[in-house]
Amino acid sequence: MIMESADVSDQAMIGQGSRIWHLAQVREGAVIGAECNIGRGAYIGPGARLGDRCKIQNYALVYEPAVLADGVFIGPAAVLTNDQFPRAINPDGSLKDGNDWDVVGVSIGVGAAIGARAVCIAPLVIGAWATVAAGAVVTRDVPAYAVVAGVPARRVGWVGEAGHPLNAAEGHWVCPETGRRYEETDGNLRPM
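Under the numbering used here, the first residue of the sequence shown carries the number 528, and numbering increases by one thereafter.
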């Protein structure tokens with residue numbers, strides 16, 4: 528379902544069952560997986576790729592060449608950037624165009640969640656099932672299952688697939704919702 532007020536390029540690929548709401552814009556070459564939900568006023572840049580069952584909340588900005596795996600959540604007004612050295616003009620005063628900069632992107636792993644008004648500054652990778660807190664400014668890669676918060680974002684804990692913070696238990700971590708156990712090695716977490 529694509530709302531009449533949405534601006535969706537004929538050159539975008541939209542997966543079956545996806546919904547694109549009022550005033551959203553999906554640019555040419557964007558790929559939206561199946562059963563995605565693109566909220567009011569959201570922007571999906573040219574060539575951005577979303578997996579299946581992603582949820583892009585109202586007014587979120589997903590600039591190309593972002594790559595989102597299946598089940599990624601992007602909160603309201605969150606931004607995935609694509610320019611390390613932003614300028615409107617070149618040193619000679621001429622207006623910059625697409626040939627004057629190298630596009631870099633944000634890659635987000637399966638099931639990860641980006642909170643409202645968070646800013647992810649490319650290039651970076653956010654691991655599977657990680658959570659970026661609302662309002663965080665992410666300037667470096669985020670490991671899988673990490674919870675990051677602040678400006679700049681720092682790891683403040685671990686989270687499981689159910690989205691709940693993990694509890695420490697005798698040399699490992701446990702999800703209070705599912706009971707699943709995880710082990711931490713060298714600053715990374717993985718299921719046991």
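Built from N, CA and C at the ideal position, the CB exists for glycine as well.
Note that the structure is a prediction, hence the values are computed from the model and not measured.
CA-to-CA, the gap between VAL630 and GLY566 works out to about 25 Å. If you look at GLY684, you'll find it in the beta strand (DSSP E) that goes 681 to 685. Taking TYR709 as the centre and dropping the five residues before and after it, the same chain places the C-beta of TYR672, TRP685, GLY687, LEU693, HIS699, TRP700, VAL701, CYS702, LEU716, ARG717, PRO718 and MET719 closer than 8 Å to its C-beta, in chain order.
Excluding five sequence positions before and after ASN564, the CB atoms of its chain that fall closer than 6 Å to its own CB belong to ARG546 and LYS582, given in chain order. Taking C-beta atoms as the reference points, ALA615 and GLY638 fail to come closer than 8 Å. DSSP places ALA696 inside the beta strand (DSSP E), whose first and last residues are 694 to 696. In the three-state DSSP reduction, ASN626 falls in the helix class (H, G or I). Contact annotation: the stretch 642 to 651 touches the stretch 599 to 608, with at least three C-beta pairs closer than 8 Å.
Taken through DSSP and simplified to helix, strand or coil, SER532 comes out as coil.
Beta-bridge analysis with DSSP links LEU651 to VAL633. DSSP places ASN715 in the uninterrupted beta strand (DSSP E) bounded by 715 to 718.
According to the DSSP secondary-structure assignment, THR712 is paired through a beta bridge with ASN715. Look at TRP700 here: in three-state DSSP terms it is strand. Beta-bridge pairing by DSSP links ASN564 to ARG546 and LYS582. Here SER634 is buried: its Cβ has 16 or more other Cβ atoms, across all protein chains shown, within 10 Å. According to DSSP, THR658 shares a beta bridge with ALA640 and VAL674. VAL589 and GLY572 do touch by the CB rule: their CB atoms are close to 6 Å apart, below 8 Å.
A direct Cα-to-Cα measurement between GLY706 and ASN626 gives close to 51 Å.
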